[in-house]
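Comments concern the structure below.
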Amino acid sequence: MDKASRHELLKIVEGQQEKLAKYEAKLKDLVVAYKGLAKEKEALDASFKILSQKKKENGTSQSEQNQKNEDENVSSEENQFTDPLQAASKESDTEEKSDADSRESDQIKTLSESLFTLTQEKSKLEGVYLADKKRLLQENEDLVKKINEEKEKANTEFKRLETQIQELKMRIREQQAEREKEQNDHALMLRELQKLLAQERASKDQLENQVDDLKFALSEKNQLLPSMSQSYEKKISDLTTQLKDVKEQLGVERKKSREAP
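Numbering-wise (full-length UniProt numbering), the sequence shown opens with residue 1 and increments by one.
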């Protein structure tokens with residue numbers, strides 16, 4: 001059960017670290033996109049400044065040209081009958097320059113509109129970027145805080161498990177010591193029993209030898225018993241006869257003693 005809880009905590013921490021890595025990657029992508037857009041805007045600003053400067057220069061040149069044309073027109077009015085081809089050429093040059101200025105003005109207008117649109121989009125994107133950045137930073141901060149909390153919980157759980165493991169190891173060592181003591185006691189008892197068994201076997205062998213000796217002695221006595229029986233019967237008969245004689249003699253002596261005065 002403890003191993004499962006620890007494994008789940010580690011999986012949670014790993015998952016949160018993966019989320020944190022994804023948020024950091026997304027934040028880096030946003031930074032790169034913002035920097036690219038900023039560079040693009042800078043390039044467009046530079047182009048716009050160049051074109052604006054060119055427009056100003058063209059405007060100044062156009063004013064000078066107009067003034068020159070007016071002077072030439074006055075001169076040509078005075079001499080209009082002297083050089084008609086030159087007057088037509090100047091009019092054509094003026095029209096071409098006017099068309100070129102018109103195209104440049106259109107380009108500048110288009111570029112200005114594009115730059116304005118891009119600036120608006122940049123402002124929107126910048127706002128979105130800042131909002132996303134703030135949100136991601138907050139989420140990152142919350143995630144880091146949660147990861148630290150989970151790590152703290154995991155460390156606390158790890159310490160608790162380590163304490164339980166140490167207690168279990170101590171119990172195992174105590175049980176092993178008890179088993180070793182029991183085994184030693186059993187071994188001692190077994191040696192004592194083996195010693196007693198050896199003594200009993202020795203006593204049994206000794207008793208068996210004594211029984212064998214007694215059987216042998218009894219067998220010898222049984223062999224000697226008939227002759228000894230006859231001898232004992234003869235002795236008994238002799239003693240019986242002697243006892244009878246003694247009794248008779250004793251009766252005679254008693255009779256004599258009674259008859260004596």
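Each residue gets a CB set at the ideal place from its N, CA and C atoms; glycine is no exception.
Under the Cβ criterion (8 Å, minimum of three pairs), the region 24-32 counts as touching the region 132-143. Judged by beta-carbon spacing, V144 lies within the 8 Å limit of L20, meaning their Cβ atoms are closer than that value. Sequence-distant Cβ neighbours of M189 in its own chain, meaning closer than 8 Å and more than five residues away, do not exist here.
Taking each of E149, L125 and T119 in turn and checking the Cα distance to V32, the smallest one comes out for L125.
Our two residues, E113 and K39, have alpha carbons roughly 18 Å apart in a direct line.
With 16 or more other Cβ atoms inside 10 Å of its own Cβ, I147 counts as buried.
One thing to note: D132 has its Cβ within 8 Å of the Cβ of L30. Your pair Q16 and E150 checks out as a contact, with CB atoms roughly 7 Å apart and the cut at 8 Å.
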